[in-house]
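Numbering (the numbering used here), first residue to last: 31 to 192.
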């Protein structure tokens with residue numbers, strides 16, 4: 031129903047953000063005629079082998095694209111971003127889980143920074159799992175481990191880069 035309210039191009043990608051309130055209501059944050067941001071393109075590539083940006087561009091230009099996946103993915107993926115803690119801390123340089131597909135620490139973030147937008151992460155991780163429940167459990171486990179292993183910026187790192 032939301033897209034019906036807008037003029038939409040023949041070919042387009044749409045990004046929708048919805049928040050669930052503690053009262054179990056849904057609140058529309060934004061809808062935009064674009065590929066989703068943050069880690070959405072990477073998650074789609076890992077899960078479906080599909081590059082959203084390339085596919086959108088090729089379709090917009092009338093160029094052929096690979097067919098959409100016809101079978102469910104073998105693995106699912108999710109991402110967790112840890113926001114700055116409002117005090118000078120460093121994130122661990124690596125994670126101890128073999129199901130983490132990618133982990134990145136934001137080395138450009140000033141010590142003690144606070145989140146300015148949805149991309150103001152101290153660090154983020156992409157994890158894989160067999161199903162939604164396993165991905166969610168692993169995201170929560172990853173978040174807890176990172177938060178338990180933050181190091182005050184004036185202390186030596188407990189988990190230096192290999």
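Positions of the beta carbon are idealized from the N, C-alpha and C atoms, including for glycine.
*What do you reckon, are the CB atoms on residue 157 and residue 137 nearer than 9 Å?*
no
*Cα-Cα, which of 112, 127, 129 and 91 is closest to residue 150?*
112
_Bridge-paired residues (DSSP) for residue 133_ = 155
*With distances taken between CB atoms, is the gap from residue 182 to residue 120 smaller than 9 Å?*
yes
*Do you know how far the Cα of residue 74 is from the Cα of residue 160?*
15 Å
*Thinking just about the alpha-carbon of each residue, which of 134, 155 and 46 is nearest to the one in residue 197?*
Because the chain is modelled from 31 through 192, residue 197 falls outside the range shown and cannot be assessed.
*asked:* Output needed for residue 126: all residues of its chain with C-beta closer than 8 Å, excluding positions within five of it in sequence on either side, in chain order.
replied: 175.
*By Cβ distance, which residues of its chain are closer than 8 Å to residue 99, with the 5 residues on each side in sequence left out?*
78, 79 and 80
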